[in-house]
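In the UniProt record's numbering, the protein residues as written are 1 to 287. Structure first, commentary second.
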Amino acid sequence: MDYCYTGDAHEKLFAAYRADEDPFPTQTQMEFPRREHRRPEVDILKRLFFPTCWNAAELVRDELAVLDRLDTLGGLFFAGIRPYSGSDPAETVDAVIEQLPAVRRRLKKDVEAAFKGDPAAKTYMEIIRSYPGFMAILVQRVAHTLYEAEASEYARELTEYAKTETGIDIHPGAEIGDHFFIDHGTGVVIGETTTVGEWVRLYQDVTLGALHFEADESDEHRLKKGYKRHPDIGDHVVIGAGTKVLGAITVGDHVSIGANSWVTDDVPDETKVYVTDHPTQERKRTK
1 MDYCYTGDAH
11 EKLFAAYRAD
21 EDPFPTQTQM
31 EFPRREHRRP
41 EVDILKRLFF
51 PTCWNAAELV
61 RDELAVLDRL
71 DTLGGLFFAG
81 IRPYSGSDPA
91 ETVDAVIEQL
101 PAVRRRLKKD
111 VEAAFKGDPA
121 AKTYMEIIRS
131 YPGFMAILVQ
141 RVAHTLYEAE
151 ASEYARELTE
161 YAKTETGIDI
171 HPGAEIGDHF
181 FIDHGTGVVI
191 GETTTVGEWV
201 RLYQDVTLGA
211 LHFEADESDE
221 HRLKKGYKRH
231 PDIGDHVVIG
241 AGTKVLGAIT
251 VGDHVSIGAN
261 SWVTDDVPDE
271 TKVYVTDHPT
281 QERKRTK
(Lines of atoms letter the chains of each structure in order from A and count residues from 1; the text may use other names and numbers.)
(Lines give C-alpha, C1' and ligand atoms only; values in the text may rest on other atoms or scores of the structure.)
Protein backbone atom coordinates (compact mmCIF):
# COMPACT_ATOMS: atom_id res chain seq x y z
CA MET A 1 0.00 0.00 0.00
CA ASP A 2 1.29 3.49 -0.90
CA TYR A 3 0.87 6.37 1.50
CA CYS A 4 -0.76 9.63 0.33
CA TYR A 5 -1.01 12.64 2.62
CA THR A 6 -4.34 14.52 2.36
CA GLY A 7 -4.09 17.07 5.18
CA ASP A 8 -3.12 20.74 5.22
CA ALA A 9 0.31 20.70 6.89
CA HIS A 10 1.86 21.78 3.58
CA GLU A 11 -0.23 24.95 3.63
CA LYS A 12 0.84 25.75 7.19
CA LEU A 13 4.51 25.12 6.45
CA PHE A 14 4.40 27.17 3.24
CA ALA A 15 2.84 30.10 5.11
CA ALA A 16 5.45 29.73 7.86
CA TYR A 17 8.31 29.98 5.35
CA ARG A 18 6.84 33.21 4.01
CA ALA A 19 6.54 34.60 7.55
CA ASP A 20 10.21 34.00 8.45
CA GLU A 21 12.21 37.13 9.21
CA ASP A 22 15.81 37.97 9.98
CA PRO A 23 17.83 36.61 11.80
CA PHE A 24 16.38 33.39 10.34
CA PRO A 25 17.69 32.74 6.81
CA THR A 26 15.24 33.82 4.12
CA GLN A 27 17.34 34.10 0.95
CA THR A 28 16.43 31.48 -1.64
CA GLN A 29 19.42 32.06 -3.94
CA MET A 30 22.00 30.40 -1.70
CA GLU A 31 23.53 27.07 -2.71
CA PHE A 32 25.47 24.96 -0.22
CA PRO A 33 27.58 21.81 -0.67
CA ARG A 34 25.24 18.84 -0.50
CA ARG A 35 25.16 16.81 2.67
CA GLU A 36 23.26 13.53 2.51
CA HIS A 37 22.22 11.30 5.40
CA ARG A 38 21.93 7.55 5.50
CA ARG A 39 18.39 8.02 6.81
CA PRO A 40 16.46 9.85 4.07
CA GLU A 41 13.86 10.91 6.65
CA VAL A 42 16.44 13.21 8.22
CA ASP A 43 17.31 14.83 4.89
CA ILE A 44 13.66 15.54 4.19
CA LEU A 45 12.95 16.84 7.68
CA LYS A 46 15.85 19.28 7.57
CA ARG A 47 14.65 20.63 4.23
CA LEU A 48 11.03 20.89 5.36
CA PHE A 49 11.93 22.74 8.53
CA PHE A 50 14.57 25.09 7.10
CA PRO A 51 14.46 24.94 3.30
CA THR A 52 16.67 27.99 2.67
CA CYS A 53 19.47 26.36 4.67
CA TRP A 54 19.41 23.05 2.80
CA ASN A 55 19.13 23.83 -0.94
CA ALA A 56 15.34 23.47 -0.97
CA ALA A 57 14.27 26.90 -2.18
CA GLU A 58 11.52 25.29 -4.28
CA LEU A 59 9.61 24.67 -1.05
CA VAL A 60 9.46 28.40 -0.39
CA ARG A 61 8.24 29.11 -3.92
CA ASP A 62 5.77 26.29 -4.50
CA GLU A 63 3.23 25.00 -1.99
CA LEU A 64 2.70 21.82 -4.00
CA ALA A 65 6.41 21.04 -3.68
CA VAL A 66 5.89 21.02 0.09
CA LEU A 67 2.99 18.60 -0.32
CA ASP A 68 5.12 16.35 -2.52
CA ARG A 69 7.88 16.31 0.08
CA LEU A 70 5.37 15.49 2.82
CA ASP A 71 4.08 12.59 0.73
CA THR A 72 7.60 11.21 0.42
CA LEU A 73 8.26 11.64 4.14
CA GLY A 74 4.93 10.05 4.99
CA GLY A 75 5.79 7.07 2.81
CA LEU A 76 9.04 6.60 4.71
CA PHE A 77 7.24 6.90 8.05
CA PHE A 78 4.63 4.40 6.84
CA ALA A 79 7.29 1.89 5.79
CA GLY A 80 9.18 2.36 9.04
CA ILE A 81 6.20 1.93 11.35
CA ARG A 82 4.32 -0.89 9.62
CA PRO A 83 6.74 -3.76 10.40
CA TYR A 84 6.40 -2.96 14.11
CA SER A 85 2.63 -2.44 14.13
CA GLY A 86 1.56 -5.22 11.77
CA SER A 87 -1.35 -3.05 10.61
CA ASP A 88 -2.07 0.02 8.51
CA PRO A 89 -0.32 2.98 10.21
CA ALA A 90 -1.74 5.66 7.90
CA GLU A 91 -3.66 7.42 10.70
CA THR A 92 -0.53 7.48 12.84
CA VAL A 93 1.51 8.96 10.00
CA ASP A 94 -1.17 11.58 9.34
CA ALA A 95 -1.16 12.58 13.02
CA VAL A 96 2.62 12.99 13.06
CA ILE A 97 2.74 15.02 9.85
CA GLU A 98 0.02 17.31 11.20
CA GLN A 99 2.40 18.14 14.06
CA LEU A 100 5.31 19.22 11.84
CA PRO A 101 4.35 22.93 11.65
CA ALA A 102 4.24 23.04 15.46
CA VAL A 103 7.58 21.22 15.66
CA ARG A 104 9.09 23.81 13.32
CA ARG A 105 7.94 26.63 15.61
CA ARG A 106 9.62 24.94 18.55
CA LEU A 107 12.82 24.36 16.60
CA LYS A 108 13.03 28.07 15.82
CA LYS A 109 13.01 28.68 19.57
CA ASP A 110 15.82 26.14 19.97
CA VAL A 111 17.88 28.05 17.39
CA GLU A 112 17.29 31.24 19.34
CA ALA A 113 18.39 29.53 22.57
CA ALA A 114 21.59 28.29 20.93
CA PHE A 115 22.42 31.73 19.57
CA LYS A 116 21.81 33.43 22.90
CA GLY A 117 23.50 30.68 24.91
CA ASP A 118 26.75 30.31 22.95
CA PRO A 119 29.19 33.24 22.74
CA ALA A 120 30.81 31.51 19.74
CA ALA A 121 27.61 31.45 17.65
CA LYS A 122 27.77 33.94 14.79
CA THR A 123 24.49 33.37 12.91
CA TYR A 124 21.30 31.34 13.03
CA MET A 125 22.42 29.75 9.75
CA GLU A 126 25.58 28.41 11.42
CA ILE A 127 23.51 26.81 14.18
CA ILE A 128 21.02 25.19 11.81
CA ARG A 129 23.70 23.77 9.55
CA SER A 130 26.48 22.79 11.91
CA TYR A 131 25.50 22.46 15.58
CA PRO A 132 25.19 18.80 16.64
CA GLY A 133 22.95 19.71 19.56
CA PHE A 134 20.49 21.29 17.18
CA MET A 135 20.44 18.29 14.86
CA ALA A 136 19.86 16.00 17.83
CA ILE A 137 16.89 17.99 19.10
CA LEU A 138 15.47 18.36 15.57
CA VAL A 139 15.32 14.58 15.20
CA GLN A 140 14.17 14.02 18.78
CA ARG A 141 11.26 16.44 18.55
CA VAL A 142 9.91 14.56 15.53
CA ALA A 143 10.68 11.21 17.15
CA HIS A 144 8.79 12.32 20.26
CA THR A 145 5.65 12.91 18.20
CA LEU A 146 6.06 9.37 16.83
CA TYR A 147 6.59 8.05 20.36
CA GLU A 148 3.41 9.76 21.58
CA ALA A 149 1.56 8.32 18.57
CA GLU A 150 2.55 4.82 19.78
CA ALA A 151 5.22 4.34 17.13
CA SER A 152 7.97 4.19 19.74
CA GLU A 153 10.14 1.53 18.09
CA TYR A 154 10.47 3.43 14.83
CA ALA A 155 10.99 6.64 16.81
CA ARG A 156 13.92 4.96 18.54
CA GLU A 157 15.45 4.13 15.17
CA LEU A 158 15.54 7.84 14.33
CA THR A 159 17.07 8.98 17.62
CA GLU A 160 19.65 6.21 17.49
CA TYR A 161 20.63 7.41 14.03
CA ALA A 162 20.94 10.96 15.36
CA LYS A 163 23.24 9.60 18.08
CA THR A 164 25.56 8.05 15.50
CA GLU A 165 25.78 11.44 13.75
CA THR A 166 26.12 13.68 16.82
CA GLY A 167 27.24 11.63 19.82
CA ILE A 168 24.08 12.83 21.61
CA ASP A 169 21.60 10.23 22.90
CA ILE A 170 18.11 11.61 23.60
CA HIS A 171 15.43 8.97 24.03
CA PRO A 172 12.27 9.76 22.02
CA GLY A 173 10.19 9.46 25.17
CA ALA A 174 11.93 12.38 26.89
CA GLU A 175 9.77 15.51 27.16
CA ILE A 176 11.87 18.55 26.21
CA GLY A 177 10.61 22.11 26.75
CA ASP A 178 11.07 25.15 24.53
CA HIS A 179 14.38 26.99 24.04
CA PHE A 180 16.54 23.92 24.62
CA PHE A 181 20.27 24.01 23.87
CA ILE A 182 23.03 21.42 24.09
CA ASP A 183 26.46 23.03 23.65
CA HIS A 184 29.22 20.82 22.18
CA GLY A 185 27.12 17.81 23.09
CA THR A 186 29.37 14.76 22.77
CA GLY A 187 28.40 12.12 25.32
CA VAL A 188 25.10 13.68 26.42
CA VAL A 189 22.49 11.07 27.47
CA ILE A 190 18.84 11.87 28.28
CA GLY A 191 16.69 8.95 29.42
CA GLU A 192 13.16 7.98 28.45
CA THR A 193 11.21 9.35 31.44
CA THR A 194 13.16 12.60 31.74
CA THR A 195 11.28 15.89 31.57
CA VAL A 196 13.08 19.15 30.79
CA GLY A 197 11.62 22.62 31.24
CA GLU A 198 12.14 25.79 29.21
CA TRP A 199 15.44 27.59 28.64
CA VAL A 200 17.60 24.65 29.72
CA ARG A 201 21.24 24.48 28.63
CA LEU A 202 23.40 21.35 28.83
CA TYR A 203 27.07 20.86 28.08
CA GLN A 204 29.03 17.83 26.89
CA ASP A 205 29.01 14.51 28.76
CA VAL A 206 25.92 15.35 30.83
CA THR A 207 23.71 12.41 31.81
CA LEU A 208 20.08 12.77 32.84
CA GLY A 209 19.71 9.12 33.72
CA ALA A 210 18.56 6.42 36.10
CA LEU A 211 20.26 5.79 39.43
CA HIS A 212 19.16 2.16 39.73
CA PHE A 213 16.67 -0.22 38.16
CA GLU A 214 13.83 -2.21 39.67
CA ALA A 215 13.53 -5.92 38.95
CA ASP A 216 10.46 -7.44 37.35
CA GLU A 217 9.13 -9.81 40.02
CA SER A 218 7.65 -12.12 37.37
CA ASP A 219 11.05 -12.77 35.74
CA GLU A 220 14.29 -12.82 37.68
CA HIS A 221 16.33 -11.87 34.61
CA ARG A 222 14.13 -8.98 33.49
CA LEU A 223 14.09 -5.37 34.60
CA LYS A 224 10.79 -3.64 35.30
CA LYS A 225 9.46 -1.41 32.51
CA GLY A 226 7.18 1.58 32.29
CA TYR A 227 7.95 3.44 35.51
CA LYS A 228 9.52 6.79 36.35
CA ARG A 229 13.30 6.49 36.73
CA HIS A 230 14.81 9.70 35.33
CA PRO A 231 14.93 13.29 36.61
CA ASP A 232 12.60 16.24 36.09
CA ILE A 233 14.52 19.40 35.21
CA GLY A 234 12.89 22.80 35.78
CA ASP A 235 13.03 26.04 33.81
CA HIS A 236 16.15 28.18 33.33
CA VAL A 237 18.60 25.45 34.35
CA VAL A 238 22.26 25.18 33.32
CA ILE A 239 24.06 21.84 33.76
CA GLY A 240 27.84 21.84 33.35
CA ALA A 241 30.06 19.41 31.49
CA GLY A 242 30.47 15.92 32.92
CA THR A 243 27.60 16.23 35.38
CA LYS A 244 25.38 13.25 36.20
CA VAL A 245 21.82 13.90 37.39
CA LEU A 246 20.44 10.50 38.32
CA GLY A 247 17.17 9.05 39.50
CA ALA A 248 13.56 10.21 39.67
CA ILE A 249 14.51 13.48 41.35
CA THR A 250 13.46 17.08 40.78
CA VAL A 251 15.80 19.93 39.85
CA GLY A 252 14.00 23.23 40.42
CA ASP A 253 13.85 26.43 38.42
CA HIS A 254 16.81 28.81 38.03
CA VAL A 255 19.35 26.17 39.08
CA SER A 256 23.01 26.10 38.03
CA ILE A 257 24.91 22.81 38.39
CA GLY A 258 28.67 23.04 37.98
CA ALA A 259 30.87 20.72 35.94
CA ASN A 260 31.51 17.15 37.09
CA SER A 261 28.81 17.19 39.77
CA TRP A 262 27.01 14.04 40.90
CA VAL A 263 23.39 14.83 41.78
CA THR A 264 21.06 12.17 43.22
CA ASP A 265 18.81 14.29 45.47
CA ASP A 266 16.26 17.01 44.76
CA VAL A 267 17.64 20.49 44.11
CA PRO A 268 15.39 23.41 45.16
CA ASP A 269 14.74 26.53 43.09
CA GLU A 270 17.36 29.28 42.92
CA THR A 271 20.29 26.99 43.86
CA LYS A 272 23.88 26.56 42.71
CA VAL A 273 25.45 23.10 42.94
CA TYR A 274 29.20 22.66 42.50
CA VAL A 275 32.14 20.51 43.56
CA THR A 276 34.27 22.18 46.27
CA ASP A 277 36.93 19.58 47.02
CA HIS A 278 38.81 19.10 43.76
CA PRO A 279 41.86 16.78 43.71
CA THR A 280 45.16 18.54 44.15
CA GLN A 281 47.06 18.98 40.92
CA GLU A 282 50.81 18.34 40.92
CA ARG A 283 53.37 19.29 38.30
CA LYS A 284 57.01 18.50 37.83
CA ARG A 285 59.46 19.44 35.16
CA THR A 286 60.63 16.65 32.84
CA LYS A 287 63.84 18.42 31.94
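C-beta: ideal position from N, C-alpha, C; glycine also.
Asked	Found
Leaving out the 5 sequence neighbours to the left and right, which residues in its chain are closer than 7 Å to G7 when beta-carbon positions are compared?	D94, I97 and E98
Hey, A174 and E192: beta-carbon distance below 8 Å or not?	yes
Take the Cβ of T145 as the centre, count every other Cβ of all protein chains shown within 10 Å, and call the residue buried at 16 or more, exposed below.	buried
Using a Cβ distance threshold of 8 Å, determine whether the stretch 61-76 contacts the stretch 3-22, with at least three qualifying pairs required.	yes
With a CB to CB cut of under 6 Å and the five nearest residues on each side skipped, what residues in its chain are close to S256?	V238 and K272
Got a sec? Which residues, its chain only, sit under 8 Å from W262 by beta carbon, not counting five neighbours each side?	T243, K244 and L246
Which one or two residues does DSSP pair with F180 in a beta bridge?	V200
Does the contact criterion of 3 or more C-beta pairs under 8 Å hold for the stretch 21-35 versus the stretch 81-93?	no
Consult DSSP for D118 and reduce its assignment to one of helix, strand or coil.	coil
Nearest-angstrom Cα distance between P231 and V267?	11 Å
Could you give the distance in angstroms between the alpha-carbon of I176 and the alpha-carbon of S218?	33 Å
Which whole-angstrom value is the C-beta distance of T92 and A155, which I expect to be below 8 Å?	T92 to A155, Cβ: 11 Å. No contact.
How would you write the range of the beta strand (DSSP E) that G209 sits in, first residue to last?	T207 to G209
Could you check which residue in G258, D269 and I233 has the C-alpha nearest to that of residue 305?	With the chain running from 1 to 287 in the structure shown, residue 305 is simply not present.
By the three-class DSSP mapping on this structure, what secondary structure does D169 have?	strand
In the DSSP assignment, what residue or residues form a beta bridge with E175?	T195
Do T194 and L208 have their beta-carbon atoms positioned less than 8 Å apart in this structure?	yes
When burial is assigned at 16 or more other CB atoms within 10 Å of the CB, is T286 buried or exposed?	exposed
Given a cut-off of 8 Å on the beta-carbon distance, is the pair G133 and I168 in contact?	yes
Sorted by chain position, which residues of the same chain lie with C-beta nearer than 6 Å to R229's C-beta, five sequence neighbours on each side aside?	T193, A210 and A248
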